[in-house]
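Here the structure comes first, spelled out in structure tokens, and everything after it is commentary.
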Amino acid sequence: MSPSDTVLLTTPLDALHRELGGKMVPFAGYAMPVQYPKGILGEHLATRSGAGLFDVSHMGQVTIEAADPAALLEKLVPGDIAGLGVGRTRYSVFTNPAGGILDDLMISKLSATKLYLVVNAACKQADFAHMKDKLGADADIRMLDDRALLALQGPKAAEVMSGLCDGAAQQPFMSIRQTHVAGIEALITRSGYTGEDGYEISVPSAKAEKLARLLLGLPGVEPVGLGARDSLRLEAGLCLYGSDIDTETSPIEAGLSWIIGKRRREQGGFPGADRILKELTDGPAKRRVGIRPDGRAPARAHTEITDEAGNRLGEVTSGGFGPSLDGPLAMGYVPAAFAQPGTKVKLVVRGKPLDATIVAMPFVAHRYFKGV
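Read in order, the letters of the sequence shown correspond to residues 249 to 620 in my numbering.
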């Protein structure tokens, strides 16, 4: 065993991943399954057609309790958290004073005095320290280290959950509730990061394996690793922190202006507001775009993007093969003048410029639950 192996953290489902034949790799300081014997292609398509079960227990789960936690959190994010109803969930970002993104996160309002956050694994300790430093004098902020997080995603997710949890099929998109799944206490949000309908299920760590085995024993449910999770979110046109968004990228450049509600646009008051609000009015210098290579060769992260004359425009931030498209796809940043869908560009793959086209995202249509 190498020294790097000895320091990797594990999730409560580690033994199950290995039992199922998961190929374990280091990810954000954890040993995580990149794929199972079915393979990335099979797992991806199984999620699009049935239900995929993902272990996302490495991500950070945090609660903020205060007299008015929404007002406090608005000091750190540009989203309208005060206007978020109890039982509802919202996507947002932590911004820095320069208008860059420290992390993206999901925010749920459990009550008027309690918020529940899910943050990225690689950022969770820094996020926690950031919140404690900025808000800790006025709030009780806790990392929920004793809970696991499972994501059940796909068109059959609601049918699967309905057999284990009353009211699951009727739960609105981007909502949260405290309930039980197969008798196990759980916090369930109807959300996910694949573009499909689905749920994220927070349960006590000691109960995670029991629930995972139960779900995997049901028809149409397959275990899915990090490889297919990445290809699914890429097809859905969703950002990966550290790749498509980072401390220098603004939410407007990233195509996330929709997360900033009218009141926050008018009032500001969040880190980086001067830059972000100016870009909302004047437009950013560059934009995140979808790119479809004309051929079959995939363009990976850091592939150079040029105009047709060979002048550098930017680089690919996420790229690969889209199983649902049966072809390559990519995202990256280009000057705003080149961001219009239909614009022809070149991708320099292994030193060879290949034809590609800027396209609208998502690459594969979202199929989130439309009920209320």
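All C-beta atoms, glycine included, are put in the ideal place defined by N, C-alpha and C.
Residues of its chain near residue i, where Cβ-Cβ distance is below 7 Å and the 5 sequence neighbours each way are ignored
i      : result
Ala330 : Ala318, Ala319 and Glu322
Thr565 : Ser491, Asp492, Ala549, Met579, Gly580 and Tyr581
Asp386 : Ala314 and Leu320
Phe611 : Glu483, Gly485, Gly538, Gly570, Leu573 and Leu577
Ile288 : Gly475, Ala476 and Ser479
Tyr489 : Asp351, Asp352, Asn368 and Cys371
Ser505 : Pro499 and Leu528
Arg442 : Checking the displayed sequence, the identity of residue 442 turns out to be Thr instead of Arg. These residues qualify, in order along the chain: Thr295, Gln401, Leu480, Arg481 and Ala484.
Arg560 : Glu552 and Thr554
Neighbourhood of residue i by C-beta distance below 8 Å, restricted to the same chain and skipping five residues each side
i      : result
Arg461 : Leu264
Arg266 : Met272
Glu556 : Lys592, Val593 and Lys594
Pro260 : Ser305, Ala396, Ser453, Ala454, Ala456 and Glu457
Gly269 : Tyr284 and Pro285
Cys413 : Thr427, His428, Val429, Ala430, Ala434 and Ile436
Host beta strand (DSSP E) of residue i (start-end)
i      : result
Lys534 : Lys534 to Pro541
Glu563 : Arg560 to Gly570
Ile312 : Gly308 to Glu313
Met379 : Note, Met379: premise wrong, no beta strand (DSSP E); alpha helix (DSSP H) at Lys372 to Leu383.
Lys357 : Ile349 to Ser359
Ala578 : Gly575 to Pro583
Ser450 : Gly446 to Pro452
Ala434 : Ile432 to Thr437
Pro274 : Lys271 to Phe275
Thr554 : Glu552 to Thr554
Spatial neighbours of residue i in its chain, beta-carbon cut-off 6 Å, leaving aside the 5 residues before and after
i      : result
Tyr581 : Lys534, Arg536 and Gly562
Gln283 : Lys271, Gly473 and Gly475
Lys455 : Ile432
Ser252 : Residue placement at Ser252 cannot be trusted, given a pLDDT of 47 that sits under 50; what the coordinates show is reported in the next sentence. Excluding sequence neighbours, Ser252 sits near nothing in its chain.
Ala279 : Leu256, Thr258 and Met272
Gly517 : none
Asp375 : Asp351 and Val367
Asp388 : Glu313
Gly303 : Per the sequence presented here, residue 303 reads as Asp, with Gly not at that position. Thr259 and Leu261.
Bridge partners - residue i, DSSP secondary structure assignment
i      : result
Gln515 : None; Gln515 has no bridge partner.
Gly300 : Gln401 and Glu470
Arg336 : Ser423
Gly520 : The partner list for Gly520 (beta bridge, DSSP) is empty, contrary to what the question assumes.
Val597 : Lys600
Leu363 : Ile312 and Lys357
Val429 : Ile432
Thr638 : Not covered by the structure: residue 638. The range shown for the chain is 249 to 620.
Tyr278 : Leu257 and Phe275
Ile500 : According to DSSP, which records beta bridges pairwise, Ile500 is partnered with nothing at all.
Val612 : BP columns for Val612 are empty, so no partner.
Cβ distance (whole Å) where residue i is taken to contact residue j below 8 Å
i      : j      : result
Gln401 : Ala502 : Their Cβ separation, rounded to whole angstroms, is 23 Å, which puts Gln401 and Ala502 out of contact at 8 Å.
Ala405 : Asp445 : 6 Å
Leu301 : Leu463 : 5 Å
Ala547 : Val597 : 6 Å
Gly308 : Met391 : 6 Å
Leu602 : Ala545 : 6 Å
Gly333 : Arg512 : At roughly 16 Å, the Cβ-Cβ gap does not stay under 8 Å, so Gly333 and Arg512 are not in contact.
Pro403 : Arg540 : Not a contact, Cβ separation roughly 24 Å.
Span separating the alpha-carbon of residue i from that of residue j
i      : j      : result
Thr508 : Val325 : Looking at the sequence itself, residue 508 is Ile, so the reference to Thr does not match. Rounded to the nearest angstrom, the two C-alpha atoms are 9 Å apart.
Phe569 : Lys526 : 36 Å
Phe617 : Thr605 : 31 Å
Gly619 : Leu435 : 20 Å
Gln418 : Ser340 : 25 Å
Ala608 : Gly590 : 9 Å
Asp494 : Asn344 : 10 Å
Thr427 : Ala416 : 10 Å
Arg336 : Tyr447 : 14 Å
Pro519 : Ser305 : 29 Å
Glu291 : Gly567 : 18 Å
Ala430 : Asp393 : 22 Å
Met249 : Asp262 : Note on Met249: pLDDT 42, under 50, position unreliable in the model; the coordinate value appears next. C-alpha separation (whole angstroms): 17 Å.
Tyr364 : Arg523 : 28 Å
Leu466 : Val408 : 7 Å
Lys362 : Leu383 : 14 Å
Ala275 : Pro281 : Per the sequence presented here, residue 275 reads as Phe, with Ala not at that position. Near 9 Å, if we compare the C-alpha coordinates of Pro281 and Phe275.
Asp530 : Ile349 : 19 Å
Asp542 : Ser359 : 50 Å
Gly347 : Gln515 : 16 Å
Phe586 : Arg425 : 43 Å
Gly575 : Ser439 : 27 Å
beta-carbon residue i near the ligand NAP non-hydrogen atom, thresh 7 Å
i      : result
Ala587 : The ligand NAP is not among the ligands present in this structure, which contains no ligands whatsoever.
Below-8 Å beta-carbon distance, residue i vs any chain D residue
i      : result
Ala417 : Reference to chain D is not applicable here, since this structure consists of a single protein chain.
N-terminal and C-terminal residue of the alpha helix (DSSP H) that residue i is part of
i      : result
Lys286 : Neither: Lys286 is in no alpha helix (DSSP H) and is coded neither H nor E.
Asp388 : Taken as a continuous stretch (DSSP letters only), Asp388 belongs to no alpha helix (DSSP H), being part of the beta strand (DSSP E) at Asp388 to Met391.
Asp262 : Asp262 to Glu267
Leu486 : Segment: none, Leu486 is in no alpha helix (DSSP H) and carries neither H nor E.
Pro317 : Pro317 to Leu321
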